[in-house]
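Novice: So that we are looking at the same thing, I have put the structure below in structure tokens.
Numbering (UniProt numbering), first residue to last: 1 to 477.
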């Protein structure tokens with residue numbers, strides 16, 4: 001009888017792991033267990049009354065690099081090529097990004113010319129920050145906060161405005177707590193290998209082998225900055241669900257795992273409340289803190305390491321305005337913590353994907369709320385009402401974008417503990433987890449956003465790598 005692999009978590013990481021397991025030449029029996037009633041995790045697309053599509057989670061996927069190419073290859077294998085909506089390199093959403101500082105929107109400079117010109121909110125052309133970076137010696141610490149790294153290499157303005165905003169936009173986190181080594185590994189490695197971020201990014205880390213397909217070639221030729229799908233990004237987990245079911249994967253929804261125990265012979269018992277499963281191997285694609293509570297006493301050191309990987313909450317407010325116009329055209333803008341501790345940024349959804357605007361087309365925006373403001377409210381045990389988030393989001397749209405009229409449609413969703421925080425020393429937690437699993441020969445593999453990247457591509461890749469490890473095949477196959 002063949003091996004049984006149980007995958008915990010039906011978000012995009014667990015779906016990707018199941019996908020790569022079942023496509024093996026001799027696939028194991030795969031059982032995917034999801035605690036909620038739906039698959040896709042934080043990827044969720046909702047259709048409004050006028051046909052407009054609102055993304056409650058991620059809204060675009062980057063095609064760049066080997067990871068971006070692998071995701072596009074999976075899209076093609078699932079037969080979704082005709083559904084892809086690209087944002088090409090010459091599009092305003094690809095070229096223009098803004099910072100909201102001092103009560104005004106400022107375009108982030110791009111290209112050599114942009115670096116040589118004065119570019120508010122920075123007091124001097126960013127060329128000088130680049131010059132400083134090239135002459136700064138390599139750091140000696142094994143890890144450093146993003147703020148400390150950026151301040152040391154690029155100066156206090158870039159650290160407190162650009163990198164602070166970037167950490168809020170990607171991780172909804174604090175640059176003074178997040179790790180450069182784990183959050184932005186390419187920058188950390190560039191300094192370690194080439195003594196300079198700029199030199200490192202210029203010379204590159206050596207191209208890893210990339211898959212090839214007509215869609216990947218098109219994305220490269222047209223310099224796509226991101227892409228979505230005609231029915232919204234949730235089309236991707238839905239297509240994976242259909243594919244997995246057709247290949248004989250057992251998908252159990254609405255089945256929260258209560259505990260994991262090791263039986264004689266090294267097999268797992270997966271307790272599901274009123275029933276249980278047996279598995280030769282488990283791939284966990286649930287958050288690290290969730291897994292830490294499920295592990296048996298034999299894995300207490302692993303549970304301790306995983307329990308320290310925390311996550312923050314984010315409120316997503318989708319707004320639609322009829323007959324309104326934006327003051328600028330671009331992907332959106334970020335807001336540094338010094339400007340507003342609660343507003344992380346606003347995405348101009350209608351600029352990148354007008355195909356999702358509905359009929360008659362309305363202007364769609366997404367306001368992201370979180371940061372220290374939300375953490376303080378949570379810590380105080382305040383009532384986090386939809387009205388609170390809606391009022392704050394509408395006020396931000398009015399103040400920062402001049403949209404004074406009330407929106408015609410509004411959706412509010414609080415995603416509790418949704419974005420893992422790779423704080424200083426995160427790499428040591430991963431190292432101790434890996435060493436424990438190897439030393440104890442535990443048939444358990446970790447995947448998902450808690451470990452090595454929170455973007456959709458990172459999660460899909462973590463699922464693929466987990467499958468590769470379980471199948472015992474070469475990583476690039």
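Ideal Cβ placement from N, Cα and C applies to all residues, glycine included.
#1: Return the chain-ordered ranges of every alpha helix (DSSP H) run that is complete within the stretch 283 to 362 and spans a minimum of 4 residues.
#2: Quick one: grab the DSSP three-state call for residue 100.
#3: What residues match up with residue 227 in a beta bridge as DSSP calls it?
#4: Express the C-alpha separation of residue 359 and residue 469 in angstroms, rounding to a whole number.
#5: Just how far apart, CA to CA, sit residue 342 and residue 314?
#6: Is residue 19 helix, strand or coil when you go by DSSP?
#7: Residue 262 bridges to which residues according to DSSP?
#8: Per DSSP, what kind of secondary structure is residue 171 in: helix, strand or coil?
#9: Tell me whether residue 99 is buried or exposed, calling it buried when 16 or more other Cβ atoms sit within 10 Å of its Cβ.
#10: If we count Cβ pairs, one from each stretch, closer than 8 angstroms, do we get three or more for the stretch 292 to 305 versus the stretch 56 to 75?
#11: Secondary structure at residue 444, three-state DSSP: helix, strand or coil?
#12: Going by C-alpha distance, which of 441, 427, 420, 396 is nearest residue 167?
#13: Might you give, ordered along the chain, the residues of its own chain that have their beta carbon closer than 8 angstroms to the beta carbon of residue 475, omitting 5 neighbours on each side?
#14: If I measure Cβ to Cβ from residue 252 and keep anything under 6 angstroms in the same chain, skipping five residues before and after, which residues do I get?
#15: Taking only three categories from DSSP, how would you classify residue 414?
#16: Please state whether DSSP places residue 12 in a helix, a strand or coil.
#17: Can residue 397 and residue 346 be called in contact, C-beta distance under 8 angstroms?
#18: Tell me the DSSP secondary structure of residue 47 in three-state form.
#19: Rounding to the nearest angstrom, what Cα-Cα distance links residue 216 and residue 355 in this structure?
#20: List the endpoints of the continuous beta strand (DSSP E) containing residue 279.
#21: Bridge partners of residue 122, per DSSP?
Specialist: On the basis of the data shown:
#1: 288 to 294, 300 to 307, 349 to 352
#2: Reading the chain shown from its first residue, position 100 is the one you call residue 100. Strand.
#3: Reading the chain shown from its first residue, position 227 is the one you call residue 227. For residue 227, which the question treats as bridged, DSSP gives the partners 61, 86.
#4: The residue labelled residue 469 in the question sits at position 469 within the chain shown. The residue labelled residue 359 in the question sits at position 359 within the chain shown. Using only the alpha carbons, I get a separation of about 47 angstroms.
#5: Counting from 1 along the chain shown, the entry for residue 342 is found at position 342. Counting from 1 along the chain shown, the entry for residue 314 is found at position 314. Going by the C-alpha atoms only, they are around 10 angstroms apart.
#6: By 1-based counting over the chain shown, the position of residue 19 is 19. Helix, per DSSP.
#7: Reading the chain shown from its first residue, position 262 is the one you call residue 262. Answer is 268, bridged to residue 262.
#8: By 1-based counting over the chain shown, the position of residue 171 is 171. Residue state, collapsed to three classes: helix.
#9: Numbered from 1 along the chain shown, position 99 holds the residue referred to as residue 99. Label assigned to residue 99: buried.
#10: no
#11: Taking the first residue of the chain shown as position 1, residue 444 is located at position 444. Three-state result, residue 444: strand.
#12: Within the chain shown, the letter at position 167 stands for residue 167. The shortest C-alpha separation from residue 167 is found at 420.
#13: On the chain shown, residue 475 is found 475 positions in, with the first residue counted as 1. Because residue 475 carries a pLDDT of 48, less than 50, the predicted location of this residue cannot be relied on, and the following value inherits that uncertainty. Excluding sequence neighbours, residue 475 sits near 465, 468.
#14: As a position in the chain shown, residue 252 is number 252, starting the count at 1. Here the set comprises 33.
#15: Start at 1 with the first residue of the chain shown, and residue 414 comes out as number 414. Strand, per DSSP.
#16: Sequence index remark: in the chain shown, residue 12 carries index 12 (1-based). Assigned with DSSP and collapsed to three states, residue 12 falls in helix.
#17: Position 397 of the chain shown holds residue 397. Position 346 of the chain shown holds residue 346. Contact: yes.
#18: Counting from 1 along the chain shown, the entry for residue 47 is found at position 47. Three-state result, residue 47: strand.
#19: Locating residue 216 in the chain shown gives position 216, where the first residue counts as 1. Locating residue 355 in the chain shown gives position 355, where the first residue counts as 1. Cα to Cα, the separation comes out at about 22 angstroms.
#20: For the purposes of this step, residue 279 is identified with residue 279 of the chain shown, where counting begins at 1. Where residue 279 is concerned, the enclosing beta strand (DSSP E) stretches over 276 to 279.
#21: Indexing the chain shown from 1 puts residue 122 at position 122. Per DSSP, none; premise fails for residue 122.
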